[in-house]
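Just so we're aligned, residue 5 is where the sequence shown starts under the working numbering, counting upward by one. Backbone N, C-alpha and C define an ideal beta-carbon position, used for all residues, glycine too. Note that this is a predicted model, so its numbers are computed, not measured. Report on one structure; see the data block that follows.
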Amino acid sequence: MPTSPDDPAVPANRAAWEALGRWDKPFLAIFGYRDPILGQADGPLIKHIPGAAGQPHARIKASHFIQEDSGTELAERMLSWQQAT
(Lines of atoms letter the chains of each structure in order from A and count residues from 1; the text may use other names and numbers.)
(Lines give C-alpha, C1' and ligand atoms only; values in the text may rest on other atoms or scores of the structure.)
Protein backbone atom coordinates (compact mmCIF):
# COMPACT_ATOMS: atom_id res chain seq x y z
CA MET A 1 0.00 0.00 0.00
CA PRO A 2 1.44 3.36 -0.95
CA THR A 3 1.93 5.67 2.00
CA SER A 4 2.59 8.88 0.07
CA PRO A 5 1.67 10.34 -3.34
CA ASP A 6 5.21 9.85 -4.63
CA ASP A 7 5.40 6.20 -3.57
CA PRO A 8 6.59 4.07 -6.53
CA ALA A 9 3.57 1.77 -6.04
CA VAL A 10 1.04 4.55 -6.75
CA PRO A 11 0.75 4.00 -10.54
CA ALA A 12 0.13 0.26 -10.16
CA ASN A 13 -2.45 0.86 -7.43
CA ARG A 14 -4.27 3.45 -9.54
CA ALA A 15 -4.32 1.05 -12.49
CA ALA A 16 -5.71 -1.72 -10.28
CA TRP A 17 -8.42 0.61 -8.94
CA GLU A 18 -9.40 1.55 -12.50
CA ALA A 19 -9.56 -2.12 -13.51
CA LEU A 20 -11.72 -2.95 -10.49
CA GLY A 21 -14.11 -0.19 -11.57
CA ARG A 22 -14.77 -2.22 -14.73
CA TRP A 23 -15.04 -5.64 -13.03
CA ASP A 24 -18.56 -6.87 -13.76
CA LYS A 25 -18.12 -10.50 -12.72
CA PRO A 26 -19.42 -11.47 -9.26
CA PHE A 27 -17.26 -10.01 -6.49
CA LEU A 28 -17.60 -10.82 -2.80
CA ALA A 29 -16.08 -8.72 -0.02
CA ILE A 30 -15.63 -10.25 3.42
CA PHE A 31 -13.82 -8.07 5.93
CA GLY A 32 -13.02 -8.43 9.62
CA TYR A 33 -14.90 -5.85 11.66
CA ARG A 34 -11.90 -5.55 13.99
CA ASP A 35 -9.41 -4.94 11.15
CA PRO A 36 -7.09 -2.12 12.30
CA ILE A 37 -5.49 -1.79 8.85
CA LEU A 38 -8.37 -1.79 6.37
CA GLY A 39 -11.04 -0.42 8.70
CA GLN A 40 -14.11 0.56 6.67
CA ALA A 41 -12.47 0.04 3.26
CA ASP A 42 -15.11 -2.48 2.25
CA GLY A 43 -17.75 0.21 1.67
CA PRO A 44 -15.88 2.17 -1.02
CA LEU A 45 -14.64 -1.08 -2.58
CA ILE A 46 -18.14 -2.54 -2.85
CA LYS A 47 -19.51 0.71 -4.30
CA HIS A 48 -16.70 0.94 -6.85
CA ILE A 49 -16.86 -2.59 -8.28
CA PRO A 50 -19.87 -3.24 -10.55
CA GLY A 51 -19.79 -7.00 -9.89
CA ALA A 52 -20.18 -6.40 -6.16
CA ALA A 53 -23.78 -5.23 -6.51
CA GLY A 54 -26.27 -7.53 -4.84
CA GLN A 55 -23.68 -9.88 -3.36
CA PRO A 56 -23.82 -11.11 0.27
CA HIS A 57 -20.89 -9.06 1.56
CA ALA A 58 -20.07 -9.40 5.24
CA ARG A 59 -18.05 -8.08 8.12
CA ILE A 60 -17.22 -10.95 10.42
CA LYS A 61 -15.64 -11.33 13.85
CA ALA A 62 -12.00 -11.09 12.82
CA SER A 63 -9.05 -8.77 12.63
CA HIS A 64 -6.84 -8.25 9.55
CA PHE A 65 -6.02 -11.93 8.99
CA ILE A 66 -9.56 -13.27 8.64
CA GLN A 67 -8.42 -16.73 7.60
CA GLU A 68 -6.60 -17.09 10.93
CA ASP A 69 -9.23 -15.52 13.17
CA SER A 70 -12.41 -16.93 11.59
CA GLY A 71 -11.26 -19.39 8.95
CA THR A 72 -14.25 -21.69 9.21
CA GLU A 73 -16.80 -18.90 8.86
CA LEU A 74 -14.84 -17.36 5.99
CA ALA A 75 -14.70 -20.69 4.14
CA GLU A 76 -18.41 -21.39 4.72
CA ARG A 77 -19.41 -17.96 3.40
CA MET A 78 -17.14 -18.26 0.37
CA LEU A 79 -18.34 -21.77 -0.51
CA SER A 80 -21.98 -20.80 -0.09
CA TRP A 81 -21.46 -17.78 -2.34
CA GLN A 82 -19.54 -19.80 -4.91
CA GLN A 83 -22.31 -22.39 -5.12
CA ALA A 84 -24.94 -19.67 -5.52
CA THR A 85 -23.20 -17.79 -8.33
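Cα-Cα separation between Q59 and F35, rounded to whole angstroms: Locating residue 59 in the sequence shown gives position 55, where the first residue counts as 1. Locating residue 35 in the sequence shown gives position 31, where the first residue counts as 1. Rounded to whole angstroms, Q59 to F35 spans 14 angstroms at the Cα level.
DSSP-derived helix/strand/coil call for I53: Within the sequence shown, residue 53 is the residue found at index 49, counting from 1. Three-state DSSP puts I53 in coil, outside helix and strand.
Coarse secondary structure for A66, derived from DSSP in three states: Start at 1 with the first residue of the sequence shown, and residue 66 comes out as number 62. In the structure shown, the three-state DSSP call for A66 is coil.
Beta-carbon proximity of I70 to L78, cut-off 8 angstroms: For the purposes of this step, residue 70 is taken as the residue at position 66 of the sequence shown. For the purposes of this step, residue 78 is taken as the residue at position 74 of the sequence shown. For I70 and L78, yes; Cβs fall inside 8 angstroms.
Where G43 falls: helix, strand or coil (DSSP): Taking the sequence shown and counting its residues from 1, one reaches residue 43 at position 39. In this structure, G43 counts as coil in the three-state DSSP scheme.
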